[in-house]
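One structure is given below, encoded as structure tokens.
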Amino acid sequence: MKFSRLLSNRRTDAISKTSRVSFSLHRIAMILAIIVAAFPALVFAGAGITTSRLDHLLDRVQAHYRQTNSFEAKFSEELTSPGGIKRKRKGTLYYRKPGRMRWEFAAPDSETIVSDGTIVYSYQPDLNQVIETPVKQLLKSPGAVTFLLGFGDLRRDFKVSSPVTEQPDGLTHLILIPREGGNRTDVGLNKKNLNLISLQVIDAAGDSTFLRFRGWQENPVLADSLFNFTVPSGADIVRTPGAP
Numbered sequence: 050m051k052f053s054r055l056l057s058n059r060r061t062d063a064i065s066k067t068s069r070v071s072f073s074l075h076r077i078a079m080i081l082a083i084i085v086a087a088f089p090a091l092v093f094a095g096a097g098i099t100t101s102r103l104d105h106l107l108d109r110v111q112a113h114y115r116q117t118n119s120f121e122a123k124f125s126e127e128l129t130s131p132g133g134i135k136r137k138r139k140g141t142l143y144y145r146k147p148g149r150m151r152w153e154f155a156a157p158d159s160e161t162i163v164s165d166g167t168i169v170y171s172y173q174p175d176l177n178q179v180i181e182t183p184v185k186q187l188l189k190s191p192g193a194v195t196f197l198l199g200f201g202d203l204r205r206d207f208k209v210s211s212p213v214t215e216q217p218d219g220l221t222h223l224i225l226i227p228r229e230g231g232n233r234t235d236v237g238l239n240k241k242n243l244n245l246i247s248l249q250v251i252d253a254a255g256d257s258t259f260l261r262f263r264g265w266q267e268n269p270v271l272a273d274s275l276f277n278f279t280v281p282s283g284a285d286i287v288r289t290p291g292a293p
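The sequence shown begins at 50 in the numbering used here and counts up by one.
Shown next as structure tokens:
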């Protein structure tokens with residue numbers, strides 16, 4: 050009886066962790082789409098900065114991100130629910146156009162998420178399980194997929210404004226709102242070099258994802274092996290619908 054209860058608890062815990070992985074995958078993929086694609090083609094909607102200043106900022110942002118073909122940065126992640134529950138993690142992010150990424154979350158909450166531009170792989174050592182999800186299925190939006198792969202035109206899909214008052218963190222903040230409805234995203238840029246420093250997404254349920262980046266390296270040479278995922282020996286593979 051005790052063994053059955055223990056086995057049941059382990060299964061429940063595994064299901065919970067698998068759901069958490071899927072949730073994490075979706076949010077991270079959407080966040081990356083914003084990171085790598087939102088800036089080259091933004092249209093500003095006014096608010097706290099004058100139109101002329103917005104136009105000047107837009108020109109600078111466009112020039113900067115058009116020249117950014119790869120980057121590496123340290124990050125910290127904080128998840129908050131309406132009930133106040135927080136989950137904090139940190140790690141390293143690698144990105145290379147088009148659509149290749151690798152998120153390495155550090156212990157004790159280790160996780161590896163890799164995209165080769167077509168499939169996103171998520172591996173958690175504590176489950177010894179790999180989840181394979183097509184990028185198109187993960188984002189569930191043809192437009193978002195093209196953004197992630199570097200071929201999108203966000204000018205027709207996002208409105209961007211600035212806060213009415215200057216924020217105390219000293220960053221240049223922009224507010225992104227999808228034209229067809231969706232989550233509001235607040236991005237904070239370094240005023241001098243326009244690197245992304247902070248990003249916050251709050252969904253309809255009130256769950257918040259806050260990412261902060263540091264140690265930016267622009268256009269580093271990143272090995273192909275970073276974006277090629279090999280399933281660890283003995284790991285279970287879960288393929289979501291649409292996976293090859």
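Note that the Cβ used here is the ideal one computed from N, Cα and C, for glycine as well.
Because the structure is a prediction, the values reported are computed rather than measured.
As for any beta strand (DSSP E) of minimum length 3 sitting wholly inside the segment 242–266, the runs are 245–251, ordered along the chain. According to the DSSP assignment, I180 belongs to the beta strand (DSSP E) that extends over Q178 to P183. The DSSP-derived three-state label of F276 is helix.
If you draw a straight line from the Cα of Y144 to the Cα of K241, it is about 22 Å long. Judged by beta-carbon spacing, R136 lies beyond the 9 Å limit of A155, meaning their Cβ atoms are not closer than that value. The Cβ atoms of E153 and V169 lie no closer than 9 Å to each other. Around the beta-carbon of Q266, fewer than 16 other beta-carbon atoms lie within 10 Å, marking it exposed. Under DSSP, the beta-bridge partners assigned to I162 are W152 and S171. Under the three-state reduction of DSSP output, R228 falls in the coil class, being neither helix nor strand.
Between the beta-carbon of D165 and that of F276 there is about 5 Å, and that keeps the pair under the 8 Å contact cut. The C-beta of I246 has 16 or more other C-beta atoms within 10 Å across all chains shown, which makes the residue buried. Cα atoms of V184 and T221: separation of roughly 30 Å, rounded to the nearest angstrom.
With a minimum length of 3 residues, the unbroken runs of beta strand (DSSP E) contained wholly in the segment 126–152 fall at 135–145. In this chain, the beta strand (DSSP E) harbouring D285 covers D285 to R288.
Exclusion of the five residues before and after L142 leaves A122, F124 and W152 as the residues of its chain whose Cβ lies within less than 6 Å of its Cβ.
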